[in-house]
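For reference, the structure discussed in these notes is given below.
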Amino acid sequence: MRSNSYEKYYGITTFGESHGKVIGVVIEDVKPGIEFPLERIRNALNKRKPGKGTFSSARKEKDELQILSGVFDGKTTGMPICLIVYNEDARSKDYEHLKDLFRPGHADFSYFKKFKIYDHRGGGRASGRETISRVAASGLVENILKDIQINIYPVKIGKFETTQTDLSFQNELSWRDKTNYKNLIEYLNNIKNEGNSIGGIVEVKITNIPAGLGDPVFEKLDANLAKAILSIGAVKGIEFGDGFCFAALKGDEANDQMNKKGFITNHNGGIIGGISTGNDLIFRFAVKPTPSINITQKTVTKDNKEVEFKSHGRHDICIIPRIIPVAEAMIKLVLSDAISHQKLISNENLQLSDYREAIDKIDEDILTALGRRQKISELIGKVKRENKIQIEDKEREEELLTRLKQKAKLWNIDESLVTNIWNNILSESKKRQ
Ligand SMILES: Cc1cc2nc3c(=O)[nH]c(=O)nc-3n(C[C@H](O)[C@H](O)[C@H](O)COP(=O)(O)O)c2cc1C
């Protein structure tokens with residue numbers, strides 16, 4: 351599984367562990383000749399950096415961006431762009447006592463069960479540092495978003511909820527309610543003194559978003575946003591518009607009725623049928639309390655001995671301020687993708703380069719599918735050999751070709767072309783079996 355890649359219009363692959371040498375990203379399919387937005391990426395990385403607020407981890411990292419490839423004379427070359435930052439304040443010794451046990455709330459146990467080996471230092475690949483790569487990549491697609499405005503702020507932290515949203519009220523938590531901010535800080539300080547942590551709910555409000563973004567059925571805008579947001583560590587739930595409150599509504603209360611000016615309400619959060627309606631896009635996601643806490647907890651070692659464990663490392667009391675820039679980055683990647691796809695079907699201002707971009711993308715998809723087919727074909731060969739089943743199956747081959755020819759008719763593809771492609775694929779597969 352290519353689980354480290356986000357294979358969309360702008361393909362990105364992230365790499366690196368919390369205590370490895372570097373964290374980085376490879377970005378493909380960026381058009382050549384674009385001014386590389388160094389300052390924009392630097393600013394985004396600065397927003398994500400740890401060690402800035404009272405409630406965030408004390409790990410001090412410069413997170414200085416290094417460009418390894420794909421940029422020449424300040425412009426993109428159309429080649430894969432590789433960006434890295436060095437891990438400089440990793441203090442791996444802090445994690446030595448964790449080598450053989452599974453920290454509660456962390457991915458140690460599940461990684462161990464899956465891979466039988468994992469880098470325990472600082473969470474390895476499950477660390478919040480992995481998100482540097484996503485933030486860096488999002489800087490490159492930002493210009494595609496044009497006037498779209500993304501606002502992200504917590505609406506609940508522990509027992510505190512916002513009663514108003516004053517976007518001009520700026521603070522380290524992005525808390526938008528002046529009326530209870532002081533009490534919230536006192537509450538968080540108490541949690542810090544206990545050595546504990548706390549979770550919350552974050553709201554996203556995206557304005558100036560055009561109608562028509564997103565696709566039916568598996569590429570729904572809400573589905574893609576949900577996957578992108580849930581791929582961020584510590585995010586445990588997401589709801590769009592009225593979300594789980596829909597359960598208590600009747601149809602006439604939940605439907606977004608319309609008049610000449612547009613939608614009268616926005617219960618659906620700006621997406622219906624997986625496609626944006628032009629209403630503000632609104633969703634909320636839940637963030638769990640930081641797993642690392644300075645409180646004794648029960649766990650087991652790799653050889654299943656029960657032990658008590660207390661974290662001594664540095665951690666955030668509430669991860670929400672750290673997650674906000676990451677959520678923003680993921681939203682930018684999803685929206686820029688949807689906008690780029692929409693441009694291709696809406697025939698607006700399309701130029702030769704746009705068509706070429708689209709066709710290159712399709713060719714790449716065909717190659718990726720072929721690569722996957724070859725791998726599966728090798729596995730089929732292995733299973734057949736192990737079970738002493740004859741490799742060649744003429745009847746199945748004929749059956750498949752007939753089915754493919756029927757499909758080809760729907761797309762107006764010549765029968766002989768399908769037969770040629772199929773015969774080539776098949777003879778290649780046989781060589782590998
Ligand atoms: C930006 C960011 C920073 C994080 N910082 C910490 C941290 O300081 N301490 C910690 O225990 N977990 C931290 N986490 C959360 C863990 O990475 C995450 O909870 C853990 O890997 C388990 O995965 P899950 O919660 O998604 O199931 C952070 C996550 C993100 C996205």
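The sequence shown lines up with residues 351 to 783 when you count with my numbering. Backbone N, C-alpha and C define an ideal beta-carbon position, used for all residues, glycine too.
Reference residue i; option with closest CA among the options
i: Pro-639; options: Ile-726, Ala-584 and Asp-710; result: Ala-584
i: Phe-635; options: Ser-581, Thr-513, Leu-451 and Ile-695; result: Ser-581
i: Asn-393; options: Ile-588, Tyr-436, Asp-592 and Glu-414; result: Glu-414
i: Gly-473; options: Lys-780, His-369, Phe-465 and Leu-490; result: His-369
i: Asp-516; options: Ser-777, Lys-528 and Lys-725; result: Lys-528
i: His-447; options: Glu-367, Lys-755, His-662 and Gly-428; result: His-662
i: Lys-682; options: Tyr-360, Ser-355 and Leu-694; result: Tyr-360
i: Lys-509; options: Tyr-503, Ile-500, Ile-494 and Leu-534; result: Leu-534
i: Arg-722; options: Glu-778, Glu-492, Arg-735 and Leu-767; result: Glu-778
i: Leu-395; options: Gln-416, Asp-653 and Lys-577; result: Gln-416
i: Asn-501; options: Ala-688, His-665 and Phe-633; result: Phe-633
i: Val-542; options: Ser-642, Lys-734, Glu-603 and Ala-578; result: The amino acid at residue 542 is misidentified as Val; the sequence shows Lys. Out of Ser-642, Lys-734, Glu-603 and Ala-578, Ser-642 has the C-alpha closest to the C-alpha of Lys-542.
i: Glu-749; options: Leu-729, Trp-772 and Ser-766; result: Trp-772
i: Lys-531; options: Val-505, Gly-545 and Lys-555; result: The sequence given here places Tyr at residue 531; Lys does not occur at that position. When each option's Cα is compared against that of Tyr-531, the closest is Val-505.
i: Ile-593; options: Asn-609, Gln-607, Met-608 and Ala-576; result: In the sequence on display, residue 593 carries Gly and not Ile. Of Asn-609, Gln-607, Met-608 and Ala-576, the residue nearest in Cα terms is Ala-576.
i: Leu-729; options: Gly-366, Ser-524 and Lys-781; result: Lys-781
i: Val-554; options: Ser-524, Lys-464, Lys-755 and Glu-656; result: Ser-524
i: Leu-563; options: Lys-693, Leu-754 and Asp-602; result: Lys-693
i: Glu-389; options: Gly-489, Ala-573, Asp-565 and Ile-362; result: Gly-489
Exposure label - residue i; buried when at least 16 CB within 10 Å
i: Ile-627; result: Residue identity differs from the one stated: residue 627 is Thr in this sequence, not Ile. Looking at its Cβ environment, which holds 16 or more other Cβ atoms inside 10 Å, Thr-627 is buried.
i: Leu-538; result: buried
i: Phe-568; result: exposed
i: Arg-526; result: buried
i: Asp-715; result: exposed
i: Lys-600; result: exposed
i: Asn-618; result: buried
i: Ala-677; result: buried
i: Ala-476; result: buried
i: Asp-710; result: exposed
i: Glu-385; result: exposed
i: Asn-540; result: exposed
i: Ile-741; result: exposed
i: Asn-737; result: exposed
i: Gly-424; result: exposed
i: Gly-420; result: buried
i: Ala-679; result: buried
i: Asn-762; result: exposed
i: Thr-752; result: exposed
i: Pro-382; result: exposed
i: Glu-480; result: buried
i: Ser-460; result: exposed
i: Val-733; result: exposed
i: Thr-426; result: buried
i: Phe-405; result: buried
i: Pro-675; result: buried
Distance cut-off 8 Å: residue i Cβ against heavy atoms of ligand 1
i: Asp-516; result: no
i: Val-375; result: no
i: Pro-504; result: no
i: Val-585; result: yes
i: Thr-649; result: no
i: Gly-478; result: yes
i: Ser-642; result: yes
i: Val-676; result: yes
i: Gly-545; result: no
i: Ala-457; result: yes
i: Arg-398; result: yes
i: Thr-481; result: yes
i: Asp-423; result: no
i: Lys-577; result: no
i: Lys-542; result: no
i: Ile-551; result: no
i: Arg-672; result: yes
i: Ile-582; result: yes
i: Lys-693; result: no
i: Lys-660; result: no
i: His-665; result: yes
Ligand 2 heavy atom lying under 8 Å from the CB of residue i
i: Val-554; result: Absence of ligand 2 is noted for the structure shown, with ligand 1 being the only ligands found.
3 or more residues per run - each beta strand (DSSP E) lying fully within the region 485-535: Entirely contained in the region 485-535, the beta strand (DSSP E) runs reaching 3 residues are, in chain order, 499-507.
Examine the Cβ distances between the region 629-638 and the region 550-565 and report whether three or more of them are shorter than 8 Å. With the cut-off at 8 Å, the region 629-638 and the region 550-565 touch.
Pairs of beta-carbons, one from the region 469-488 and one from the region 369-377, closer than 8 Å: are there three or more? Taking 8 Å as the limit for Cβ pairs, the verdict is that the region 369-377 does touch the region 469-488.
Taking three-plus beta-carbon pairs below 8 Å as touching, is the region 647-665 in contact with the region 446-458? Yes, since at least three Cβ pairs between the region 647-665 and the region 446-458 fall closer than 8 Å, the two stretches touch.
Are there three or more Cβ pairs, one per stretch, closer than 8 Å when the region 542-555 is compared with the region 666-682? Three or more beta-carbon pairs drawn from the region 542-555 and the region 666-682 are found closer than 8 Å, and the two stretches are therefore classed as touching.
Looking at C-beta atoms only, is the number of pairs between the region 460-468 and the region 504-513 that lie closer than 8 Å three or more? In the pairwise beta carbon analysis, the region 460-468 is classified as not touching the region 504-513: fewer than three pairs are separated by under 8 Å.
Write down every uninterrupted run of the beta strand (DSSP E) in the region 580-659 whose length is 3 residues or greater and which is fully enclosed by it, in chain order. You should have 585-590, 631-637, 647-650 and 656-659.
Unbroken stretches of the beta strand (DSSP E), 3 residues or longer, contained in the region 389-475: Fully enclosed beta strand (DSSP E) runs of 3 or longer: 416-419 and 431-436.
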